[in-house]
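In what follows, a single structure is set out as structure tokens and then discussed.
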Amino acid sequence: MSEKTLSALPRLFDRLGRPLVAGVDEVGRGCLAGPVVAAAVVLPPDCALSGIDDSKKLTARRREELFGELAKAGATIGLGLVSAAEVDRINVLQASLAAMVKALGALRLVCDLVVVDGRQSLPLSLPQYPLIRGDSCCLPVAAASIVAKVVRDRQMIYYDQRFPGYGFARHKGYGTTFHRRALSEHGPCILHRRSFRYRPPDK
Amino acid sequence: MSDDPRHTFGEWGEGMAVRRLEAAGFEIEARGFRCRFGEIDIIARKADLLVFCEVKSRRRSDFATPFEAVGRTKQQRLIKTAGWYLSRRDWDGEVRFDVIAVLARPGKRPEVEWIEDAFSWW
Chain A
1 MSEKTLSALP
11 RLFDRLGRPL
21 VAGVDEVGRG
31 CLAGPVVAAA
41 VVLPPDCALS
51 GIDDSKKLTA
61 RRREELFGEL
71 AKAGATIGLG
81 LVSAAEVDRI
91 NVLQASLAAM
101 VKALGALRLV
111 CDLVVVDGRQ
121 SLPLSLPQYP
131 LIRGDSCCLP
141 VAAASIVAKV
151 VRDRQMIYYD
161 QRFPGYGFAR
171 HKGYGTTFHR
181 RALSEHGPCI
191 LHRRSFRYRP
201 PDK
Chain B
1001 MSDDPRHTFG
1011 EWGEGMAVRR
1021 LEAAGFEIEA
1031 RGFRCRFGEI
1041 DIIARKADLL
1051 VFCEVKSRRR
1061 SDFATPFEAV
1071 GRTKQQRLIK
1081 TAGWYLSRRD
1091 WDGEVRFDVI
1101 AVLARPGKRP
1111 EVEWIEDAFS
1121 WW
């Protein structure tokens, strides 16, 4: 998606009287292990960054690059994290909502509008707008998807050292064949979400 | 497809909406604008205001009011389509979303209700 398309909606919201738009996205909802990480991003007006797009469409290296550039370009970033243990306590849907609310709180900014990727509405009194596939049609949401992904990936790479053998550095906790096989062999570690079921690997 | 009475009725309703807009000094910029995100019935311009209109044609008023027929999903599509339109058109002025409801009353003149700034979802 071109930059012009991605920045069209924030500009539209600006014209509709909502200039301070925060984009929110989360990552790690479907993982078998690790936290849910959400990011909230407010971009400066006329942000001149190029290449921001839905994080799933970018390579890891590109994401890292953009992550660095975002901070330099004056973006305000808030992070929210909900652990695997908490995911087991409240369900993963509540966990991702909680992570997003935390991320917005961490912004320490009162926004005119919160654009949330997906169908969810957050338990917040701020004006919000859920946008399906928002990470591919709204710039601050795309930026948030990049931040959340980079932060979470870095965490899982670190955890790979503390809990080796599961392959966290490669699959970041998602249910790849390798991961499921390792799970069947070694059992779960504290990072695993015990409330999740996974398909047993074929022998 | 234009044999389907529902489509010609909708076209009629749009025609009524166009006339209403023009009578109010608007210039019609586009009709039936389509893109991958959705479709906008009428895009009209007046001075520094650009209006994206959704037209709802109805035969009886005991159905859902035309305003209620523009639900959240439809609103989302209109917004995304408007965003796409604006990304390709240089526009620095104001923007608004309106709903124009045309109610056909047999034997009487149709009733046109024009709801300006219809999306106050926040």
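These protein sequence lines map, in sequence, to chains A and B.
Quick note: the first sequence uses the working numbering, first residue 1, plus one each step.
Quick note: the second sequence uses the working numbering, first residue 1001, plus one each step.
The beta carbon of each residue, even a glycine, is placed where N, CA and C say it ideally should be.
- One thing to note: L1086(B) has its Cβ within 9 Å of the Cβ of L12(A).
- A buried status is given to R193(A), since no fewer than 16 other beta-carbon atoms sit within 10 Å of its beta-carbon.
- If you keep only unbroken beta strand (DSSP E) runs of at least 3 residues inside the stretch 78 to 147 of chain A, you get 113 to 117, 128 to 131.
- Neighbours of L12(A) across chain B, judged by C-beta separation under 8 Å: I1079, A1082, G1083, L1086, V1095.
- Of all residues in the stretch 14 to 37 of chain A, the ones placed with a Cβ closer than 8 Å to any Cβ belonging to chain B are R15, L16, R18, in chain order.
- With a contact defined as Cβ atoms closer than 8 Å, A182(A) and D54(A) miss out at about 29 Å.
- In this structure, D1098(B) places its C-beta atom within 9 Å of the C-beta atom of W1114(B).
- Here the C-alpha atom of E65(A) lies approximately 27 Å from the C-alpha atom of Y166(A).
- Rounded to the nearest angstrom, the gap between the Cα atoms of S7(A) and D1090(B) is 13 Å.
- Taken atom to atom, the span from the alpha-carbon of F67(A) to that of A98(A) is near 23 Å.
- In the DSSP assignment, S1057(B) falls within the beta strand (DSSP E) that extends over 1049 to 1058.
- Contact check for K72(A) against R1088(B) fails: the beta carbons are separated by 9 Å or more.
- If you check the CB distance, K172(A) and R63(A) do not come in under 9 Å.
- Only residues of its own chain outside the window of five on either side were considered, and among them A95 have a CB closer than 7 Å to the CB of E86(A), listed in chain order.
- DSSP places A1030(B) outside any alpha helix (DSSP H); the residue lies instead in the beta strand (DSSP E), whose first and last residues are 1027 to 1035.
- Residue-level contact by beta carbon holds for A8(A) and chain B, with a gap shorter than 9 Å.
- An exposed status is given to F178(A), since fewer than 16 other beta-carbon atoms sit within 10 Å of its beta-carbon.
- At least one CB atom of chain B sits nearer than 9 Å to the CB of S2(A).
- By the rule that beta-carbons nearer than 9 Å mark a contact, P130(A) touches chain B.
- DSSP, reduced to helix, strand and coil, places A1104(B) outside both helices and strands of the structure shown, so it counts as coil.
- DSSP places R1045(B) inside the beta strand (DSSP E), whose first and last residues are 1038 to 1046.
- Any Cβ of chain B closer than 9 Å to the Cβ of T5(A) would place that residue at the interface, and such an atom is present.
- Residue burial annotation: V1018(B) is buried, with at least 16 other C-beta atoms found within 10 angstroms of its C-beta.
- Collapsing the DSSP output to three states places D1098(B) in a strand.
- The contact set of C137(A) on chain B, defined by CB atoms closer than 9 Å, consists of F1037, K1080, G1083, W1084 in chain order.
- Taken through DSSP and simplified to helix, strand or coil, W1091(B) comes out as coil.
- DSSP places G167(A) in the coil class of the three-state scheme, outside both helix and strand.
- Under DSSP, the beta-bridge partners assigned to I1115(B) are V1099(B).
- Distance from the Cα of F1052(B) is smallest, within the candidate group E1022(B), W1084(B), G1071(B), L1078(B), for L1078(B).
- When rounded, the separation of the alpha-carbon atoms in V116(A) and P1106(B) is 45 Å.
- Between L1021(B) and R1034(B), the alpha-carbon positions lie close to 20 Å from each other.
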